[in-house]
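S.K.: Please find one structure pasted underneath; my questions will follow.
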Amino acid sequence: MRRYMEPRYVPYLRTRHIRPRSSYFPRFVIIARLAVFVICFVVFISSAAVKFYKALENTGNQKAIQLVNECIDNSILSVSVKYPVNGFFKVEKSNKGGVASVETSAVNINNYVAFVCDNINDEISKKQNQKIEIPIHEITGRSFLVPSGLSIPIRIEPVGTVTVKPESVFEYNEMNKIVHRLNMKVNIRIKILFPIIYREEEITRDILISEIIII
Numbered sequence: 001m002r003r004y005m006e007p008r009y010v011p012y013l014r015t016r017h018i019r020p021r022s023s024y025f026p027r028f029v030i031i032a033r034l035a036v037f038v039i040c041f042v043v044f045i046s047s048a049a050v051k052f053y054k055a056l057e058n059t060g061n062q063k064a065i066q067l068v069n070e071c072i073d074n075s076i077l078s079v080s081v082k083y084p085v086n087g088f089f090k091v092e093k094s095n096k097g098g099v100a101s102v103e104t105s106a107v108n109i110n111n112y113v114a115f116v117c118d119n120i121n122d123e124i125s126k127k128q129n130q131k132i133e134i135p136i137h138e139i140t141g142r143s144f145l146v147p148s149g150l151s152i153p154i155r156i157e158p159v160g161t162v163t164v165k166p167e168s169v170f171e172y173n174e175m176n177k178i179v180h181r182l183n184m185k186v187n188i189r190i191k192i193l194f195p196i197i198y199r200e201e202e203i204t205r206d207i208l209i210s211e212i213i214i215i
């Protein structure tokens, strides 16, 4: 063995290199930093996704309610042509020219309510397969995204049927005169279908059909 330890054999000897313990520390720091970066990135993406979907729900909710209100308004206008306002009441006047009594026509009001319900259901059924496109810039509030033309489609579906309840109300106005109003309380429940989730929304509206001042 001493023979091979001579200077001329030293360059050919295989030596075992032992890495000092301190050299492992930088590698551990790099891995730790990488893990922290990945965790922070995942948290950031999750937070951004939650905020984006919340903004999408709010914007989609407004668009869906606006569409349903348009269906209700169109139905009321079309029904009002068939059932004029003066057909709901019969006003009897006294000898002095004042209003003695106001009688409501239950038949005409019930027919009106049934017609409104059917009309609103038909209007919403027509919109059921129609996609509502929500532009990305409306969701994010970033105007620079307008040229991109990107949008997210949503749809609406009726849940159950529309309910319409007539309400007859007597009130005093500012001139201390009795005012008789006929209101229609429209209630409808819809399902808003987003790309991944859905939510249900209940819409209630009080619509003034007629008004009579009783002197």
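For the sequence shown, my numbering puts the final residue at 215, and the numbers step up evenly by one.
Glycine residues also receive a C-beta, built at the ideal position from the N, C-alpha and C atoms.
Quick caveat, the model's predicted, so the values are computed rather than measured.
With DSSP as the reference, label residue 150 as helix, strand or coil.
M.R.: Within the sequence shown, residue 150 is the residue found at index 150, counting from 1. Residue 150 falls in the coil class under three-state DSSP.
S.K.: Pull up the DSSP beta-bridge partners for residue 138, would you.
M.R.: Here residue 138 refers to the residue found at position 138 of the sequence shown. Note: residue 138 sits in no beta bridge, so no partner.
S.K.: In this structure, what does DSSP give as the bridge partners for residue 186?
M.R.: Within the sequence shown, residue 186 is the residue found at index 186, counting from 1. According to DSSP, residue 186 bridges with 164 and 205.
S.K.: Between 202, 157 and 212, which has its C-alpha nearest residue 183's C-alpha?
M.R.: Indexing the sequence shown from 1 puts residue 183 at position 183. Residue 183 has its Cα closest to that of 212, out of 202, 157 and 212.
S.K.: Which word fits residue 106, buried or exposed, when buried means at least 16 other C-beta atoms lie within 10 angstroms of its C-beta?
M.R.: Within the sequence shown, numbered from 1, the residue matching residue 106 stands at position 106. With fewer than 16 other Cβ atoms within 10 Å, it is exposed.
S.K.: Determine contact between the stretch 77 to 85 and the stretch 52 to 61, defined as no fewer than three beta-carbon pairs at a distance below 8 Å.
M.R.: Contact between the stretch 77 to 85 and the stretch 52 to 61 is absent, because fewer than three Cβ pairs lie under 8 Å.
S.K.: Can you name, in chain order, every residue of its own chain whose Cβ lies under 6 Å from the Cβ of residue 150, other than the five neighbours on each side?
M.R.: Reading the sequence shown from its first residue, position 150 is the one you call residue 150. So the qualifying residues of the chain are 136.
S.K.: Where residue 190 and residue 138 are concerned, what is the direct C-alpha to C-alpha distance, given to the nearest angstrom?
M.R.: Here residue 190 refers to the residue found at position 190 of the sequence shown. Here residue 138 refers to the residue found at position 138 of the sequence shown. C-alpha separation (whole angstroms): 22 Å.
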